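Residue numbering for the sequence shown follows full-length UniProt numbering, starting at 1 and increasing by one per position. Okay, so here's the structure we're looking at.
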Amino acid sequence: VMAEVYALEISSNVSEFPYEKKYPSTLTLGELKKKLELVVGATSENIHIELHDAEGKFVSSLTDGGKSLKELGVKSGMRLRAVDVSGQNAELQDDSMVEKYTISDDQYDKREDSVRAWKKKLLAENATGHEHAASDQGDLNEEVVKKMKVGDRCEVRVRGAVPRRGVVAFVGETKFKEGPWVGVTYDEPVGKNDGAVAGVRYFQCDDKHGGFVRPVDVATGDFPPFTSGDNEMDEI
């Protein structure tokens, strides 16, 4: 007997465009995550799957990798949301995800391939006589924050994204996640918000011109706005 086939809508936190895909009801959650690795841009162990009904209402978080889609209560027409919880998408893609998907600095700190690990190594090498000064990721963020102030020109370099430029508009603690954050007003509409997250305003700017990133992902200095030629190069 052939397995029943489910037509499902797949979306992820790294793309705003959902797509339809058909999977057999016997496919396990673990196998599904493997198939979604390229879509989400993360390894299967870092992919969290949420099940929503056809209207988009949250049904459950799918966690048992050994169970089939049918056993997990999936039905044709439902929606699956795949979220990369590795922390590699460092900027908040979607305000509603802020509370739900977080990664501790300790976990992220262990990722040797991360930009933050590279910057930490650099800082440790430069801190003569203070080899352990950057041993704690929180310390590194705190250290970088001290050199920033509102009004500074900056460039945001988040792993996997084109560098973006703008002005530092906020530096400090927020209600959405502990630790220091830098709010940036971008030169172009490449942000995620207008300076407010989850109903709390931290600064004011045009919609899609605001964003929040960790201090270690921001460089301040002489960063004039990109010319159109620069942007074309960045998007090749």
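Every residue gets a Cβ at the ideal spot worked out from N, C-alpha and C, and that includes glycine. None of the values given here were measured: they were computed from a predicted structure.
(message) Rounded to the nearest angstrom, what separates Thr-227 and Val-150 at their Cα positions?
(response) 23 Å
(request) Give the DSSP-derived three-state secondary structure of Glu-235 in the structure shown. (result) Residue placement at Glu-235 cannot be trusted, given a pLDDT of 41 that sits under 50; what the coordinates show is reported in the next sentence. Three-state result, Glu-235: coil.
(request) Tell me whether Asn-13 sits in a helix, a strand or coil according to DSSP, three-state version. (result) coil
(message) Please list the terminal residues of the continuous beta strand (DSSP E) segment that includes Leu-51.
(response) 47 to 52
(request) Check the C-beta distance from Pro-18 over to Glu-4 and give it rounded, since I have them as a contact under 8 Å. (result) So it is not a contact: roughly 22 Å between Cβ atoms.
(request) Find the nearest neighbour of Asp-187 within the set Val-167, Pro-180 and Asp-194, judged by alpha-carbon distance. (result) Val-167
(request) Please classify Leu-51: is it buried, with 16 or more other beta-carbons within 10 angstroms of its beta-carbon, or exposed? (result) buried
(request) Using alpha carbons as the reference points, say which of Trp-181, Lys-208, Asp-217 and Phe-176 lies closest to Val-200. (result) Val-200 has its Cα closest to that of Phe-176, out of Trp-181, Lys-208, Asp-217 and Phe-176.
(request) Tell whether a beta-carbon distance below 8 Å holds between Val-190 and Phe-212. (result) no
(message) Excluding the 5 residues flanking Glu-193 on each side, which residues of the same chain have their C-beta closer than 6 Å to its C-beta?
(response) Looking at the sequence itself, residue 193 is Asn, so the reference to Glu does not match. If we look at Asn-193 and ignore the five residues flanking it on each side, its Cβ neighbours are Gly-210.
(request) Between the Cα of Gly-73 and those of Pro-215, Glu-178 and Thr-28, spot the shortest distance and give me the residue it belongs to. (result) Thr-28
(message) Is the beta carbon of Ser-60 closer than 8 Å to that of His-48?
(response) no
(request) Taking Gly-166 as part of the beta strand (DSSP E), name the residues at either end of that continuous run. (result) 164 to 173
(request) Report the three-state DSSP secondary structure of Val-158 (helix, strand or coil). (result) coil
(request) To the nearest angstrom, report how far apart Asn-231 and Val-156 are at their CA atoms. (result) Bear in mind that a pLDDT of 46 at Asn-231, under 50, signals an unreliable position, so the number given afterwards is only what the model happens to contain. So the alpha carbons of these two residues sit roughly 14 Å apart.
(request) Determine the DSSP secondary structure at Pro-225, reduced to helix, strand or coil. (result) DSSP places Pro-225 outside both helix and strand once states are collapsed to three, so it counts as coil.
(request) Pull up the DSSP beta-bridge partners for Val-83, would you. (result) His-48
(message) For Glu-55 and Thr-185, what's the separation of their Cα atoms in angstroms?
(response) 34 Å
(request) My understanding is that Val-40 touches Ser-11, with C-beta atoms under 8 Å, so please give their C-beta distance in whole angstroms. (result) So it is not a contact: roughly 10 Å between Cβ atoms.
(message) DSSP has Ser-60 in a bridge; who is on the other side?
(response) Leu-51
(request) Locate the beta strand (DSSP E) running through Gly-211, then write down its first and last residues. (result) 210 to 213
(request) Starting from the Cα of Asp-222, find the closest Cα among Gln-204, Lys-22 and Cys-154 and give me that residue. (result) Cys-154
(message) I'd like the span of the alpha helix (DSSP H) that includes Gly-183, first residue to last.
(response) It is not in any alpha helix (DSSP H) - Gly-183 instead sits in the beta strand (DSSP E) that spans 180 to 186.
(message) So, for Glu-173: in the same chain, excluding its five sequence neighbours on each side, which residues have a beta-carbon less than 7 Å away from its beta-carbon?
(response) Pro-180
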